[in-house]
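Sequences listed follow chains A and B, in order.
Start counting the first sequence at 1; every next residue gets the next number (my numbering).
Start counting the second sequence at 1; every next residue gets the next number (my numbering).
2 protein chains.
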Amino acid sequence: MSSPAKTELFERVARVGKAMGHPARLELLDLLGQGECPVEPLAAAAGLRLSTASAHLQVLRRAGLVTTRRAGTSIRYSLAGDDVATLYAAQRAVAAAHLDDLEPARRAFLGLTTNDPQTDPAVQEISREELLRRVRDGHATVLDVRPAREYAAGHIPGAISIPADELADRFAELPTATTVVAYCRGPHCVLSYDAVRLLTQHGRNAIRLVDGMPEWRLSGLPVAHDPAA
Amino acid sequence: MSSPAKTELFERVARVGKAMGHPARLELLDLLGQGECPVEPLAAAAGLRLSTASAHLQVLRRAGLVTTRRAGTSIRYSLAGDDVATLYAAQRAVAAAHLDDLEPARRAFLGLTTNDPQTDPAVQEISREELLRRVRDGHATVLDVRPAREYAAGHIPGAISIPADELADRFAELPTATTVVAYCRGPHCVLSYDAVRLLTQHGRNAIRLVDGMPEWRLSGLPVAHDPAA
DNA sequence: ACACTATTCCATAGAACATTGGAGGATGAG
DNA sequence: CTCATCCTCCAATGTTCTATGGAATAGTGT
């Protein structure tokens with residue numbers, strides 16, 4: 001009954017799902033959502049061997065989710081389009097809505113203690129609109145705690161870049177009069193949570209922007225690019 | 001470097017992708033997009049053995065994509081929410097946009113000959129808005145060619161139900177003065193293509209509605225439900 | 001042309017997945 | 001109570017996927 005042509009058609013669509021069906025590949029998509037990147041830094045950030053990361057990237061490429069471009073001696077991977085970032089966000093949303101054990105895992109990973117991010121004593125969040133309001137009124141300093149490469153690939157206009165692992169040594173660069181609004185890669189990135197906790201422990205007013213850079217961009221808000229390659 | 005908590009978090013999200021990474025499961029999602037349904041008709045429609053279909057449905061259920069409800073002696077499966085239908089549509093869109101061999105496979109399955117559905121001599125399509133306009137002006141008869149069960153679970157208001165396999169015997173029920181606009185399950189369903197070709201061969205004015213029932217519903221347009229269970 | 005570097009390819013072993021037929025469970029009908 | 005129906009669960013098989021370390025490759029810069 002099942003025609004081969006039908007199976008073949010659904011198999012094509014399934015290739016996309018299959019590619020998004022492995023934790024390592026989802027993490028690579030998460031990282032690529034920040035901007036194009038060579039293989040080696042991707043592997044390092046995801047905690048993968050180089051050959052493993054390369055193999056996963058091939059799967060993503062064959063599924064049409066990422067593309068490559070040669071830049072000098074290295075090969076830069078990037079998402080094949082905004083629709084891929086949107087698909088990834090939709091999958092996260094479905095998982096969050098219908099899987100009972102996702103939110104506990106998320107809280108465990110991010111170091112959250114209470115159920116509601118709005119009432120967590122350690123890390124509170126504001127919306128993108130609220131951030132824009134506070135910046136306009138001069139009450140907020142926007143802090144990008146992602147690695148320098150990702151900041152360079154695109155960041156919120158006016159944001160200061162202090163990668164999370166340098167934050168403890170670079171407090172001085174942050175003004176004390178305003179609230180610091182930290183952001184990072186997105187809802188599954190620990191960097192801004194750690195940053196807000198660190199700043200708060202040192203008596204600063206610090207808060208987190210909901211989501212991260214890809215969601216900012218997908219919302220149609222402006223993105224600043226570093227002129228440096 | 002890769003924390004177990006991080007892998008665990010991404011694994012949860014990957015479960016959704018993995019569930020959408022098999023052609024049979026995508027077809028089941030496609031069918032469930034028409035409305036809730038017991039296992040046996042699903043298996044029959046997808047061309048699967050009962051135990052195979054059941055196993056796939058368990059995977060979908062564990063991934064949070066479908067839910068079950070007991071109705072007498074049978075168990076009705078349905079999509080866990082509109083977000084699942086949206087995710088499925090997004091995955092189809094990404095596959096269509098970035099996979100070179102999807103469109104050929106689609107055309108082969110649906111029996112299309114030219115690249116552009118608007119110029120295909122056999123099957124032309126109109127938008128949902130155009131359908132509404134024509135119906136309002138009395139120039140169109142809407143025809144639902146899906147199985148009776150799916151029509152009963154939700155259909156375009158005013159549509160006539162003639163399942164595709166009965167169409168050849170039931171021409172008489174269709175008015176001759178208006179154009180027949182046939183619709184079915186969606187862009188990966190062959191029923192309305194076959195129906196339009198059949199009607200056209202018999203000298204009727206027939207045309208296809210773009211996409212199908214789930215996309216109509218997700219567009220926020222009204223859906224009529226059969227009072228019968 | 002040379003060597004260098006970033007990345008892919010390869011072979012393999014182990015893990016996860018899909019299919020199948022049949023046994024087992026729950027529900028409603030008689 | 002027993003039967004019939006509908007579905008799930010199970011165990012076994014074959015298939016596909018993943019990780020790994022090392023070899024191979026392909027552009028680049030000198």
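Glycine residues also receive a C-beta, built at the ideal position from the N, C-alpha and C atoms.
For HIS202(A), the CB contacts under 7 Å within the same chain, skipping 5 residues up- and downstream, are PHE171 in chain order.
ARG136(B) has its alpha-carbon roughly 50 Å from the corresponding atom of GLU27(A). Excluding five sequence positions before and after PRO187(A), the CB atoms of its chain that fall closer than 6 Å to its own CB belong to ASP211, given in chain order. Using a CB distance below 8 Å, the part of the segment 76-94 of chain B facing chain A consists of ALA80, GLY81, ASP83, VAL84, THR86, LEU87, ALA90, GLN91, ARG92, ALA93, VAL94, ordered along the chain. When C-beta distances to chain B are compared with 7 Å, the residues of the segment 24-44 of chain A below that value are LEU26, GLU27, in chain order.
In the DSSP assignment, LEU110(B) is bridged to no other residue.
Residues of chain B with a Cβ closer than 7 Å to the Cβ of LEU9(A) are, in chain order, ALA105, ARG106, PHE109, HIS188. For HIS155(A), the number of other beta carbons within 10 angstroms of its own is at least 16, and it is reported as buried. Inter-residue distance for GLU166(A) and HIS56(A) is about 30 Å (C-alpha atoms, whole angstroms). The residue among THR7(B), ILE207(B), ARG133(B), GLU129(B) with its C-alpha nearest the C-alpha of LEU191(B) is ILE207(B). Close CB contacts of SER74(A) within its chain, under the 6 Å cut and outside five residues either way in sequence, are with PRO38 (chain order). For chain B, none of the residues of the segment 141-173 of chain A brings a beta carbon within less than 7 Å of one of its beta carbons. With 16 or more other Cβ atoms from the protein chains shown falling within 10 Å of its own Cβ, HIS98(B) counts as buried. DSSP places PRO104(A) in the helix class (H, G or I) of the three-state scheme. Residues of chain B with a Cβ closer than 8 Å to the Cβ of ARG134(A) do not exist, since the nearest Cβ in that chain sits about 29 Å away. For THR68(B), the three-state secondary structure derived from DSSP is strand. DSSP places LEU60(A) within a helical segment (H, G or I) once states are collapsed to three.
Listed along the chain, the chain A residues whose CB falls inside 8 Å of the CB of ASP101(B) are ARG12.
Among the residues of chain A, those whose CB is under 9 Å from the CB of MET20(B) are VAL13, ALA14, VAL16, GLY17, LYS18, MET20, GLY21, GLN91, following chain order.
Membership of ARG25(B) in the alpha helix (DSSP H) is indicated by the continuous run 23-32.
For VAL135(B), the uninterrupted alpha helix (DSSP H) segment begins and ends at 128-136. Taking the CA atoms as reference points, LEU112(B) sits about 13 Å from LEU102(B). LEU50(A) counts as exposed, since fewer than 16 other C-beta atoms from the protein chains shown sit within 10 angstroms of its C-beta. Put simply, the backbone Cα of ASP226(A) is about 11 Å away from that of GLY158(A). Within its own chain, the residues whose Cβ lies closer than 6 Å to the Cβ of VAL16(B), once the five positions on either side in sequence are excluded, are ALA63, listed in chain order. For HIS56(B), not one C-beta of chain A is nearer than 7 Å to its own C-beta. In the DSSP assignment, SER192(A) falls outside any beta strand (DSSP E) and lies within the alpha helix (DSSP H) extending over 191-201. About 17 Å separates the Cβ atoms of PRO222(B) and GLY33(B), ruling out a contact at the 8 Å cut-off. In the structure shown, the three-state DSSP call for VAL210(B) is strand. Taking 7 Å as the cut-off, the beta carbon of LEU87(B) is found closer than this to the beta carbon of ALA90(A). Legend: CB atoms of the segment 47-71 of chain A lying less than 8 Å from CB atoms of chain B belong to residues GLY47, LEU48, ALA63, GLY64, LEU65. Neighbours of ALA97(B) in chain A, taken as residues at a C-beta separation under 7 Å, are given in chain order as GLY81, ASP83. For VAL84(A), DSSP records no beta bridge to any residue. Cβ proximity to chain B below 7 Å picks out nothing from the segment 189-216 of chain A. Using a CB distance cut-off of 7 Å, ALA5(A) counts as an interface residue toward chain B.
Beta-carbon to beta-carbon, VAL94(B) and LEU79(B) are separated by about 19 Å, too far to satisfy the 8 Å threshold.
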